[in-house]
Amino acid sequence: MRNAEIADAFAELADLYELDGAIVHRVLAYRNAATAIRSSGRSVAELAQAGRAEELPGVGKTIAEKIVDLLDTGEVPAAKRLKEKFPAGLVEITRLPGFGPKRARKLYDELGIASLDELRRAAETHVLRAVPGFGRKAEENVLAALEAADNGQGGRRALLPEALGIGEEIVAALREVPGSDRVEIAGSARRRAETCKDVDIVASAADPAALVDALSSLRVIAEVGTSGEAGARALTHSGMTVELRIVSPSSFGNLLQHLTGSGRHNELVRTEAVRRGLHVSEYGVSDDAAGTTHACATEEEIYALVGMSYIEPELREGRGELEAARGGTLPQLVRVEELRGDLHCHTVASDGRNTIEQMAAAALARGYEYLAITDHSATHGFGNHVSPDELRRQIERVREVDAQVEGLTLLAGSEVNVLPDGSLDYDDALLAELDWIVASLHTSFRMGERELTARMIHAMEHPLVDLIGHPTGRLIERREPYALAFERIVEAAVRTGTLLEINANPDRRDLNEHNARLAAESGAMLLIDSDAHGVNTLANIRYGVDTARRAWLTREHVANTRSWPELDALRKRSRAQASATTRPC
Ligand code: DGT
Ligand code: ZN
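Structural data, given as structure tokens:
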């Protein structure tokens, strides 16, 4: 059973428990476990069978046992029992945008609605508006959501750039409104998660109504649903929900901290506060014994009150950040300004849109010191490819442009396809003429785990391979990672001195934050690349930095925070040379 299937089973179990009115902790526990299982770089089925599932974050004894039950019988017993209690259609309703188990349960109790079809009929015949908490608007929203679901857009989570694009546009506009004070993105977008369900925005303003009016009149906004002094919920034309919340400046920090989440992080903060006799909420930090409430204008004050240093939003996932903040051992996270070059990009020679000259100029404009041109090799399976002769000419052209461009070291590279047997797509003599080699898998990745792992390790053992590109091959929300034994890949990376890429393409973000953290902790060196296919996508590097920050990485862990000579010196080929020259005769 694949991780995604196991994760789906636990996400469904969480929904069922919520339908059943279980306490929120239980529901959250299963949801967190589902997330950890989905994003694990290791086979959870294998871990569970070896009795080691509890090594996963958020998985304790109870959930570990349930995973084993699921593997043995194809079903979690508790889910089976609950499914007998609730019709299957009801679970589908909980997944509609604007719903959730509580509202679905209410319609089930009041009107007996137990399927999407029954829900559609109830909205069309206006029976829905009779239920408290549902009105004319709710009926319209239901029909819109059902239509979106029919078009295959239901329950869709947007990739980070879409959410940030909407969020940054709205924030910029609201900051211009007279009387607006602070306006910030919160929620998953502020934490720079891979995907976002909605865009959360927190603001403070002397005149909240003016802020809501300004939101309604923005071009991106299609309609505003509920709204009032405390904020508004709106929908963009692309179907994204925007939640705007407005507070007084004195407790802006409290609401921002609360709505930034994650839910798990907040829960842990609250638990820690309780140990100190404090209660943290979106309204303030209250001392029950003293009967006082401390409103916090900034998040720093909240963390200070519970005995911690400020925690960056990207770390707020309940992955050890509270302990580190208490102990003063939080990492100094890598920043996008610290990157000094990009070592993976494409030009018109393969499937890129711009020339070498244009890419070099764009890299210079970003302030980079170096750029590697790495077009695809011969057998990558799509677009133009670069034959050995063409590669020789491309190397010459790169050298020419390098001589012309002041202030940028332009490297002649290639993104070489790794063939099914682990060998590379050009012969060694040609590879030796290149300054920089990225090896990636683009074809034949439907292999068993053992073969695929061996294939990648074989490529890593090649003395000229500097970097493995997008090592796990996943596409966010679209394609599962290759069947790799990731721990063995990390071990090989450390042993051979091969760098591992965090590919910053927002569809990939590969390595993901879990694998990148594991790799760095194991002593592997990482490198953040844009994989740009044109001058505009060099800026995608920010999403790779987001992943690196969510993986707790500092500049030390990331090779391209170094100058080219420094990075060059730590490559395996330089090390091999050094040891060859110092070897005694
Ligand atoms: P998303 O929207 O699924 O991409 O992820 P978030 O993290 O943006 O979640 P969202 O929009 O539902 O809520 C924003 C934050 O508000 C969330 O990260 C934590 C906080 N929050 C919202 N509802 C609850 C709740 O019921 N319990 C707790 N502890 N926190 C909540
Ligand atoms: Zn959100």
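Residue numbers (our numbering): 88 to 672.
Idealized CB from N, CA, C, for every residue including glycine.
1) Is the beta carbon of Glu369 sitting closer than 8 Å to the one on Leu331?
2) Kindly indicate which three-state DSSP category His381 falls into: helix, strand or coil?
3) Which whole-angstrom value describes the C-beta separation of Ala123 and Leu103, a residue pair presumed to lie in contact below a C-beta threshold of 8 Å?
4) Closer than 6 Å by C-beta to Phe173: which residues in its own chain qualify, once you throw out the five before and the five after it? Chain order, please.
5) Between Ser275 and the ligand MG, is there a pair consisting of the residue's CB and a ligand heavy atom that are separated by less than 7 Å?
6) Pull up the distance between the alpha-carbon of Val178 and that of Arg582, whole angstroms please.
7) Flag Asp287 as yes when its Cβ comes closer than 7 Å to any non-hydrogen atom of the ligand ZN, and as no otherwise.
8) Between the C-alpha atoms of Arg642 and Glu425, what's the straight-line distance to the nearest angstrom?
9) Given Tyr117, which residues of its chain have a CB within under 6 Å of its CB, disregarding the five upstream and five downstream residues?
10) Compute every distance between the C-beta of Ala382 and the non-hydrogen atoms of the ligand DGT, then say whether any falls below 7 Å.
11) Just to confirm before moving on: does the CB-CB distance between Asp438 and His463 stay below 8 Å?
12) Shorter than 7 Å, the distance from the beta carbon of Cys432 to the closest heavy atom of the ligand DGT, or not?
13) Is the CB of Arg363 under 8 Å away from at least one CB in chain D?
14) Taking only runs of the alpha helix (DSSP H) that begin and end inside the region 183–224, which ones reach a length of at least 4 residues, in chain order?
15) Which of the three DSSP states, helix, strand or coil, is assigned to Trp523?
16) Measuring CB atoms only, is the region 223–235 touching the region 264–272, in the sense that at least three cross pairs come out at less than 8 Å?
17) Any heavy atom of the ligand ZN closer than 7 Å to the CB of Lys284?
18) On a Cα-Cα basis, can you pick out the residue from Arg216, Leu598, Ala591 that is closest to Cys432?
19) Comparing the CB of His366 with every heavy atom of the ligand DGT, is any distance shorter than 7 Å?
20) I need the boundaries of the alpha helix (DSSP H) containing Arg362, first residue and last residue.
21) In chain order, what residues of the same chain have a beta carbon less than 7 Å from the beta carbon of Pro475, not counting five sequence neighbours either side?
22) I'd like the ranges of any beta strand (DSSP E) spanning at least 3 consecutive residues and lying wholly in the region 375–451.
23) Judging by CA-CA distance, which residue of Asp508, Leu305, Val393 is the nearest neighbour of Gly86?
24) Please classify Gly108 as buried or exposed, where buried requires at least 16 neighbouring CB atoms within 10 angstroms.
25) Unbroken alpha helix (DSSP H) runs of length 4 or more, entirely within the region 134–169: which are they?
26) Please list the segments of the alpha helix (DSSP H) lying wholly inside the region 472–538, counting only runs of 4 or more residues, in order along the chain.
27) Thinking C-alpha only, which one of Arg479, Tyr457, Leu511, Ser510 is nearest Leu495?
28) In the DSSP assignment, what are the bridge partners of Tyr457?
29) Hey, could you find the ends of the beta strand (DSSP E) His366 is sitting in?
30) Relative to the C-alpha of Asp553, which candidate in Arg595, Leu115, Thr585 has its C-alpha closest?
31) Measuring CB atoms only, is the region 295–310 touching the region 251–258, in the sense that at least three cross pairs come out at less than 8 Å?
32) Find out if the Cβ-Cβ distance for the pair Ala273, Thr328 is shorter than 8 Å.
Answer, in terms of the structure:
1) For this step, residue 369 is matched to residue 282 along the sequence shown. For this step, residue 331 is matched to residue 244 along the sequence shown. No; because the gap between Cβ atoms is not below 8 Å, this pair is not in contact.
2) What you label residue 381 is simply residue 294 of the sequence shown in a count that begins at 1. DSSP, read as helix, strand or coil, puts His381 in strand.
3) Here the question's residue 123 lines up with position 36 in the sequence shown. Here the question's residue 103 lines up with position 16 in the sequence shown. That belief does not hold up - the Cβ atoms of Ala123 and Leu103 are roughly 19 Å apart, past 8 Å.
4) Counting from 1 along the sequence shown, the entry for residue 173 is found at position 86. Correct list, in chain order: Leu106.
5) With respect to small molecules bound, the structure shown includes the ligand DGT and the ligand ZN and not the ligand MG.
6) Indexing the sequence shown from 1 puts residue 178 at position 91. Indexing the sequence shown from 1 puts residue 582 at position 495. Near 48 Å, if we compare the C-alpha coordinates of Arg582 and Val178.
7) Locating residue 287 in the sequence shown gives position 200, counting from the first residue. With a threshold of 7 Å, the Cβ atom of Asp287 counts as near the ligand ZN, since some heavy atom of the ligand is closer than that.
8) Here residue 642 refers to the residue found at position 555 when the sequence shown is read from its first residue. Here residue 425 refers to the residue found at position 338 when the sequence shown is read from its first residue. In this structure, the alpha-carbon of Arg642 lies about 7 Å from that of Glu425.
9) On the sequence shown, position 30 is the one that residue 117 refers to. Cβ within range, chain order: Phe97, Leu100, Ala101.
10) Counted from its first residue, the sequence shown places residue 382 at position 295. Checking the Cβ of Ala382 against the ligand DGT gives no.
11) Along the sequence shown, one-based indexing puts residue 438 at 351. Along the sequence shown, one-based indexing puts residue 463 at 376. Closer than 8 Å, so yes.
12) Taking the sequence shown and counting its residues from 1, one reaches residue 432 at position 345. Incorrect: Cys432 has no Cβ contact closer than 7 Å to the ligand DGT.
13) Of the protein chains in the structure, only one exists, and it is not chain D.
14) Those alpha helix (DSSP H) runs which fall completely within the region 183–224 and span 4+ residues are 188–198, 203–211.
15) By one-based count along the sequence shown, residue 523 stands at place 436. In the three-state reduction of the DSSP assignment, Trp523 falls in the strand class, which pools E and B.
16) Taking 8 Å as the limit for Cβ pairs, the verdict is that the region 264–272 does not touch the region 223–235.
17) Looking up residue 284 in the sequence shown gives position 197. True, at least one ligand heavy atom lies under 7 Å from that Cβ.
18) Taking the first residue of the sequence shown as 1, we reach residue 432 at position 345. The shortest Cα separation from Cys432 among Arg216, Leu598, Ala591 belongs to Ala591.
19) Indexing the sequence shown from 1 puts residue 366 at position 279. The closest heavy atom of the ligand DGT lies 7 Å or more from the beta carbon of His366.
20) Taking the sequence shown and counting its residues from 1, one reaches residue 362 at position 275. Note, Arg362: alpha helix (DSSP H), 350–362.
21) Counting from 1 along the sequence shown, the entry for residue 475 is found at position 388. Only Tyr513, Leu517 meet the Cβ criterion.
22) Every beta strand (DSSP E) of 3 residues or more that sits fully in the region 375–451 is shown, in chain order, as 379–381.
23) Residue numbering for the chain in the displayed model covers 88 to 672; residue 86 lies beyond these limits and cannot be assessed.
24) As a working mapping, residue 108 is identified with position 21 in the sequence shown. The residue is exposed, with fewer than 16 neighbouring Cβ atoms inside 10 Å.
25) Here the runs fully enclosed are 148–160.
26) Listed in chain order, the alpha helix (DSSP H) runs fully inside the region 472–538 are 475–491, 515–518, counting runs of at least 4 residues.
27) The residue you call residue 495 lines up with position 408 of the sequence shown. That would be Tyr457, whose Cα lies nearest to the Cα of Leu495.
28) Residue 457 sits at position 370 when you count from the first residue of the sequence shown. Bridge partners of Tyr457: Gly428, Thr496.
29) Here the question's residue 366 lines up with position 279 in the sequence shown. If you look at His366, you'll find it in the beta strand (DSSP E) that goes 365–367.
30) Along the sequence shown, read from residue 1 onward, the residue named residue 553 stands at position 466. Distance from the Cα of Asp553 is smallest, within the candidate group Arg595, Leu115, Thr585, for Thr585.
31) Contact holds between the region 295–310 and the region 251–258, because three or more Cβ pairs, one in each stretch, are under 8 Å apart.
32) What you label residue 273 is simply residue 186 of the sequence shown in a count that begins at 1. What you label residue 328 is simply residue 241 of the sequence shown in a count that begins at 1. Remark: C-beta atoms of Ala273 and Thr328 do not approach each other more closely than 8 Å.
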